[in-house]
Amino acid sequence: MPTLSLRRSFATAALAAAFAGCSGSPRGADPEPTPPSPLASFRAPTVRTEQVVDDYHGEPIPDPYRWLEDQDGDEVAEFVAAQNTATRAVLDAIPQRGPIEERLRELWNYARREPPVRRGERWFWRQNDGLQNQDVLCCGDDPRGDGEVLLDPNAMSQDGTLAVSALSISHDGARIAYAVSKSGSDWRTWRVLDVATKTTLADEAPWSKFAQAAWTKDGRGFFYQRYPQPKDGETFQAQNLQPQLCYHVVGTDAAQDRVVYERPDEPKLGFGPRVTHDGRLLVIGISQGTDRRNRIALVDLQEDGWPVRMLVAEANARFQFVGNDGDTLWFHTDLDAPFGRVVAIDRKDPAQLREVIKEQPATLQDAIKHSGGFLCSYLEDASSALRAFSTDGADLGAIALPSIGTIAQLEGEPDAADVYCTFSSFLTPPAVHRIATDARTAEPLLASSFRGDANRYVQKRVFLQSKDGTRLCMFLTHRRGIRLDGKTPCLLYGYGGFGISVTPSFRVPNFVFCERGGIYAQAVLRGGGEYGETWHKDGMLGNKQNCFDDLFACADFLVRNRYTDNSRLAIQGGSNGGLLVGACLAQRPELFSAAIPEVGVLDMLRYHRFTIGWAWAPEYGTSDDAEQFAWLRRYSPLHNLERGRAYPPTLVMTGDHDDRVLPGHSYKFAAALQAAQGGESPILLRVDTSTGHGAGKPVKKRIEEAADRLAFLCATIGS
Numbered sequence: 003m004p005t006l007s008l009r010r011s012f013a014t015a016a017l018a019a020a021f022a023g024c025s026g027s028p029r030g031a032d033p034e035p036t037p038p039s040p041l042a043s044f045r046a047p048t049v050r051t052e053q054v055v056d057d058y059h060g061e062p063i064p065d066p067y068r069w070l071e072d073q074d075g076d077e078v079a080e081f082v083a084a085q086n087t088a089t090r091a092v093l094d095a096i097p098q099r100g101p102i103e104e105r106l107r108e109l110w111n112y113a114r115r116e117p118p119v120r121r122g123e124r125w126f127w128r129q130n131d132g133l134q135n136q137d138v139l140c141c142g143d144d145p146r147g148d149g150e151v152l153l154d155p156n157a158m159s160q161d162g163t164l165a166v167s168a169l170s171i172s173h174d175g176a177r178i179a180y181a182v183s184k185s186g187s188d189w190r191t192w193r194v195l196d197v198a199t200k201t202t203l204a205d206e207a208p209w210s211k212f213a214q215a216a217w218t219k220d221g222r223g224f225f226y227q228r229y230p231q232p233k234d235g236e237t238f239q240a241q242n243l244q245p246q247l248c249y250h251v252v253g254t255d256a257a258q259d260r261v262v263y264e265r266p267d268e269p270k271l272g273f274g275p276r277v278t279h280d281g282r283l284l285v286i287g288i289s290q291g292t293d294r295r296n297r298i299a300l301v302d303l304q305e306d307g308w309p310v311r312m313l314v315a316e317a318n319a320r321f322q323f324v325g326n327d328g329d330t331l332w333f334h335t336d337l338d339a340p341f342g343r344v345v346a347i348d349r350k351d352p353a354q355l356r357e358v359i360k361e362q363p364a365t366l367q368d369a370i371k372h373s374g375g376f377l378c379s380y381l382e383d384a385s386s387a388l389r390a391f392s393t394d395g396a397d398l399g400a401i402a403l404p405s406i407g408t409i410a411q412l413e414g415e416p417d418a419a420d421v422y423c424t425f426s427s428f429l430t431p432p433a434v435h436r437i438a439t440d441a442r443t444a445e446p447l448l449a450s451s452f453r454g455d456a457n458r459y460v461q462k463r464v465f466l467q468s469k470d471g472t473r474l475c476m477f478l479t480h481r482r483g484i485r486l487d488g489k490t491p492c493l494l495y496g497y498g499g500f501g502i503s504v505t506p507s508f509r510v511p512n513f514v515f516c517e518r519g520g521i522y523a524q525a526v527l528r529g530g531g532e533y534g535e536t537w538h539k540d541g542m543l544g545n546k547q548n549c550f551d552d553l554f555a556c557a558d559f560l561v562r563n564r565y566t567d568n569s570r571l572a573i574q575g576g577s578n579g580g581l582l583v584g585a586c587l588a589q590r591p592e593l594f595s596a597a598i599p600e601v602g603v604l605d606m607l608r609y610h611r612f613t614i615g616w617a618w619a620p621e622y623g624t625s626d627d628a629e630q631f632a633w634l635r636r637y638s639p640l641h642n643l644e645r646g647r648a649y650p651p652t653l654v655m656t657g658d659h660d661d662r663v664l665p666g667h668s669y670k671f672a673a674a675l676q677a678a679q680g681g682e683s684p685i686l687l688r689v690d691t692s693t694g695h696g697a698g699k700p701v702k703k704r705i706e707e708a709a710d711r712l713a714f715l716c717a718t719i720g721s
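Set out below in C-alpha cells:
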C-alpha cells in the first residue's frame, strides 16, 4: 500500500487531470499548468470548545462540542451558517459541478410510477413526470392509463418541502387518509381526501409517526398511531414515547379520537394497525424500537367494546401479517426459520402454529396472498427471486425476472389473480410490472422513458472473504470493457444494520458517476438482512465490528484486483451507513481518498438520548450498560478520532430538520474531525435547510445534493 504522502501526490495528479478535462497535452509539448484544487482553499471555521467530561463506568470521556446538540440554539445556527458558507465556497468553485448538475437534471427527468392499488372500481397510484418535487396521487379505470390527479403535494408549498409521507385508501375507494410531513420531519398529520369531489375535508389528526393508517371496512374512520404533543421548542428533539393506537371517525375532532390500545406500563412499545380484507379483524403489530421481534394482538371489530386479545404474546420472533381466511391468519415469520417461512395461526387456538410455506435456502423478503395462493419474494445472494405457491404451500415454481435486481412493493388483492410490483436494477429505473400469477409471468406495465444508455454498462456480482473467512458478495457497476489497471475512480457504498437488505437499486447519481468513468460498488455487509436473521445478528450489538471488517475486505478486494487503488477509492453511507463510514474512516483512514458520511449516527455514547434514538438500543446497545459501553467505545466514530492523524477529504452531510438522527451527530463529528486533522485534506460540513433524514426531500434538493456529492468526488478521486 502506498504511503500517505505518495497517495496524496497521486490523488493530486488525478485531480489535476480531472480539472484539465482529462485531455492531456500534445505529445512532446510541455504540460499545461493546472489550476489548484478549489478544495485546497478550504479553511475550517473556528469552533469553540467547552469543558464537559462524562464518567462512563469509571472512564472519563470529554465531550467538548456538547453545545452543538442544541438543534434550535442561536449559536448552533451561527455554526451551521459558517460551515455552510465555507463549504459552498469550495463546492461551487469546482468546475465540473455545473455540468454535473445539468446532467443529473436531464437524466432525472423521466416518468415513474408506483404499483397501482385497486379499491372498489378505481385504481390508485402515485406518479412523477420527472422533475416534480413530490409525487402526485392519481386514479383511473385502467392502471395503464394516464388517470386523473387527485392530490398534488407540489401545490402545498412553494419549495416542495411539504410531502405526503403515507397513504391509506378506504376499502371502497371513496376516501383517502393521507399524512403530511414538513421539511423532512418524521412527524405526520393525517388528513382525509374525498375522492368523488377531490376535496380535503376538515379532519386533522396530528402528532403521528412511524406507522400507517388502516380504515374500517365501512369507511367511517381509520386507525392510526399518535404520540403526546411535544413541549414548545422540542418538536424536533423530543423522545418519542408512550404512543396510543387511536380510531378517528371522519368529520369529528381528533381530540375526541377513541384510544383503542395503549401500554402505559411499556412506554417504548409502538403499534402498527392492519384491517383484514374481509373487514372483520384489526391486526395490531406491537414492537419495541427497531427490534425485529414483535407481538401480535387482535380486535374483533364486530364485537362490542373492541376488546384487545393477544395472538402472539411473546416477542421472540418477527411476525408480519400476510392475510387471512376467516379465523385463520397467515404470517411471514422467522420463528425457528432464520431465512423466513409462512405459517398459519387459528385465532381461536393461537398456541398452535401450522407451517404453510417451509423455509427455503434463500431469505424470504415478502409474501402476498392472491386468489390462487401465495407469491413470495426471496433474496438469493442479495438479488430478488419470485416463487409462486398454492394455498396449501405447494411450490408452483419460479417466475422469471429480467436480470439481477430488486422486486419491491408487492401489491394485490386476495381475490385477484394479478399482483403488481416494481422491478429495478443498477442500470434500470424502477418499473411497474404486472405479475400474472396463473401464468407465472412478469411483464412491464409501461415503457420506460429514461434517457440514459444502459447498454454501455455492466452490472455484476463478485464474491470474496471477510477478515474471519465469512463469504461476502458485492455488486459492481461500470462501463463495458473497463481496464483493470487500478486507475479507475470507485465509490464504495455500504449500510450493514437493522436487518435491512441492501439490494440492486437504481440511482441517477450513481448512473452519472459511471457515465463519468467511475465504478459504483455496493457491499453486502453483516448486520443487514440479505442472508437472514443470523446474518443480521452477526453484525449487531457486540458483533458490530464485523460490519466494518466486511467493508474493509471489500475495499481491499477492489484494490487487490485492480478495479481501483487507494488514491481513487471513496466510501459513502447514510444513517447507520453514516456510522459505517465514520467508523471505517476513524479506523483505517489510509484506505480511502474520500469519505461521505450522511445523516450518520456518529456519537454512539449519547445517540439514545435524542428523538427516537432509544429505539436503536436492540441493535447497538447503550452506554448505560458497562458491557455495551465497552463495545460502543471501541468504534464510536466521534470518540476514535486521533489528533494529528491524517484523514482523507471528508464531506459530512445532514439536514437541519432531521428528527430521527439528531443533526448534532454530524455537527460534533465534523467539528472534531476538523480539529483532529493532521493532514492537508479538507473536512467539509454540508447542512441542508428545511430537510430531514431524507424522506420527502424535494427532487430539486435531491439533485443539488447529488451535484455537490459528485463534484466532491470529482475533486478528490478524479471521477
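Numbering (the numbering used here), first residue to last: 3 to 721. A virtual CB, placed ideally from N, CA and C, is assigned to each residue, including glycine.
- Burial is judged here by how many other beta carbons sit within 10 angstroms of a residue's own beta carbon; Pro-491 has at least 16 and is buried.
- The DSSP assignment places complete beta strand (DSSP E) segments of no fewer than 3 residues inside the segment 77-126 at 119-121, in order along the chain.
- The C-beta of Glu-600 has 16 or more other C-beta atoms within 10 Å across all chains shown, which makes the residue buried.
- For Pro-352, the secondary structure class from DSSP, reduced to helix, strand or coil, is strand.
- Around Lys-219, the same chain offers His-173 and Gly-281 as residues with beta carbons nearer than 6 Å, after the five sequence neighbours per side are excluded.
- One thing to note: Met-476 has its Cβ no nearer than 8 Å to the Cβ of Gln-411.
- Less than 8 Å divides the Cβ of Ile-286 from the Cβ of Leu-247.
- By the Cβ test, the segment 515-531 is in contact with the segment 487-503, since at least three Cβ pairs between them sit closer than 8 Å.
- Shown here, Gln-367 sits in a strand according to DSSP, grouped into three states.
- Under DSSP, Gln-524 takes part in a beta bridge, and its partners are Phe-477 and Tyr-495.
- In this structure, the CA atom of Ala-315 is about 16 Å from the CA atom of Asp-336.
- Under DSSP, Gly-287 takes part in a beta bridge, and its partners are Gly-274 and Ile-298.
- For the pair Gly-342 and Leu-366, the CB atoms are nearer than the 8 Å cut-off.
- Taking 3 residues as the minimum length, the beta strand (DSSP E) runs contained wholly in the segment 124-153 are 124-130, 138-142 and 150-153, in order along the chain.
- Nearest neighbour of Thr-254 by Cα position, chosen from Phe-238, Arg-222, Ala-697 and Arg-265, turns out to be Arg-222.
- Pairing Ala-204 with Asp-131, the inter-Cα distance amounts to about 29 Å.
- A direct Cα-Cα distance of roughly 59 Å separates Ser-39 from Tyr-263.
- If you ignore the 5 residues before and after Ser-183, its C-beta comes within less than 6 Å of the C-beta of Ala-165, Ser-167, Arg-190 and Gly-698, all in its own chain and listed in chain order.
- Per the DSSP secondary-structure output, His-334 pairs in a beta bridge with Gln-322 and Val-344.
- Excluding its 5 nearest sequence neighbours in each direction, Thr-201 has no C-beta neighbour in its own chain below 6 Å.
- Your pair Ser-405 and Thr-505 does not check out as a contact, with CB atoms roughly 13 Å apart and the cut at 8 Å.
- A direct Cα-to-Cα measurement between Gln-136 and Arg-114 gives close to 12 Å.
- Cβ atoms of Leu-152 and Leu-195 come within 8 Å of each other, at about 7 Å.
- Apart from the 5 residues on each side of it in sequence, Gln-244 sits with its Cβ closer than 8 Å to the Cβ of Tyr-229, Pro-230, Glu-264, Pro-266 and Pro-269 in its chain, given in chain order.
- Unbroken beta strand (DSSP E) runs of no fewer than 3 residues, entirely contained in the segment 598-660, are found at 652-657, following chain order.
- Distance between Gly-576 and Asp-329, taken at the CA atoms: about 42 Å.
- C-alpha of Leu-403 to C-alpha of Thr-48: approximately 54 Å in a straight line.
- In the DSSP assignment, Ile-63 forms a beta bridge with Asp-56.
- Unbroken alpha helix (DSSP H) runs of no fewer than 4 residues, entirely contained in the segment 537-573, are found at 547-562, following chain order.
- Ile-521 is the residue among Ser-468, Leu-494 and Ile-521 whose C-alpha sits nearest the C-alpha of Arg-485.
- Using a Cβ-Cβ distance cut-off of 8 Å, the segment 638-649 and the segment 686-703 are not in contact, since fewer than three pairs of beta carbons, one from each stretch, lie closer than that value.
- The beta carbon of Tyr-249 lies closer than 7 Å to those of Gly-223, Phe-225, Asp-259, Arg-260 and Val-262 in the same chain, with the five residues before and after it left out.
- DSSP places Gly-519 outside both helix and strand once states are collapsed to three, so it counts as coil.
- Apart from sequence neighbours up to five positions away, the residues of its chain that approach Ala-215 with a beta-carbon distance below 8 Å are Ala-168, Ser-170, Ala-179, Ala-181, Trp-192, Phe-224, Phe-225, Tyr-226 and Pro-275, ordered along the chain.
- For His-667, the enclosing alpha helix (DSSP H) covers residues 666-678.
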